[in-house]
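In UniProt numbering, the protein residues as written are 1 to 262. Every residue gets a Cβ at the ideal spot worked out from N, C-alpha and C, and that includes glycine.
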C-alpha cells in the first residue's frame, strides 16, 4: 500500500495541490478516494496522514546518510540501492557508521520521496520562513481548504518543527553573523510565534464553539432570551452580535432598522 500512497502523493504534487510542504485538503480527499478504490479497505484521511508521517520518518533516516548525493555514489532506480566502489563505501561508513547497514539494502521509493520531501530537508531540518508560513496560511484560507480542526492542528504541528529548526539553523556560524542579521532572524521568529499563537486561538475557539453547539442542540428549541447569552459564550464579535441575533430568531421588522443602524 505504501507504493500506491507515495504514487498518489506524487500525482497530487504534480497537479499542484500543495502549499509549500503541506498538501491541501482537496489533495488528501483525492488520495483517500484513490486508495479506497484500489484496496477496498476502511481508509480515512487520518490514517493516510499517520502513514505518511511514518514513511517520512523512515525515509529521512536514509536521506540524511546520502543527503544531496555523495561523490562516487550513484542511485539505481532498478535495484533501489546506492552503489559505489568499496573504497568509497569505506570512507562513508567511517564518517557515518549507520551507512554500513545500507550498503546492500534496497530503499523503496527513495527517489520519489526525495522529489516530495527532499527540499524540506535540504539543510538537514525542515525550515520555513515566517513569510512562507503567512503565505501558506493565507492560501489555505483563501481556497477554503481549512475544513476542520484537524487541518489547523496539522499546521500547528508543522510549525512546531519549524520553530525548533529556526533556533538551530546557523548555530555554527553565530560568530560570523552580524547584529543586523540576528535582529532580522529574531523578528522572523517573533512573527512566526504570533502567527501560530493566532492559529492556536482559532483552534481553541472552534473546539469551544463545537461544545457549545452540541450543548445547544440538545435543548432545542432555544428561548429567545438565551440567544444573546449563547452569542456571548462563543465570543461573536460585538459588532456582529445584533445581526447574528436577528438572523437566528427573526427580529420583528419594525425594530430592525433601529437595531441595525444604532
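- Considering residue 74, what are the terminal residues of the beta strand (DSSP E) in which it resides? 74-76
- Query: In whole angstroms, what separates the C-alpha of residue 30 from that of residue 108?
  - Reply: 23 Å
- Task: Let me know the secondary structure DSSP gives residue 19 once reduced to three states.
- Result: strand
- Express the C-alpha separation of residue 77 and residue 3 in angstroms, rounding to a whole number. 14 Å
- Item | Simplified DSSP assignment, three categories, for residue 71 | coil
- Nearest to residue 66 (by Cα), restricted to the options 103, 38, 46: 103
- Mark residue 64 as exposed unless 16 or more other C-beta atoms lie within 10 angstroms of its C-beta, in which case mark it buried. exposed
- Figure out for me which residue from 28, 20, 52, 84 has the closest Cα to the Cα of residue 1. 52
- Which value, in whole angstroms, describes the spacing of the CA atoms of residue 95 and residue 101? 14 Å
- Residues sharing a beta bridge with residue 83, DSSP: 74
- Out of 7, 97, 84, 99, state which residue places its alpha-carbon closest to the alpha-carbon of residue 112. 7
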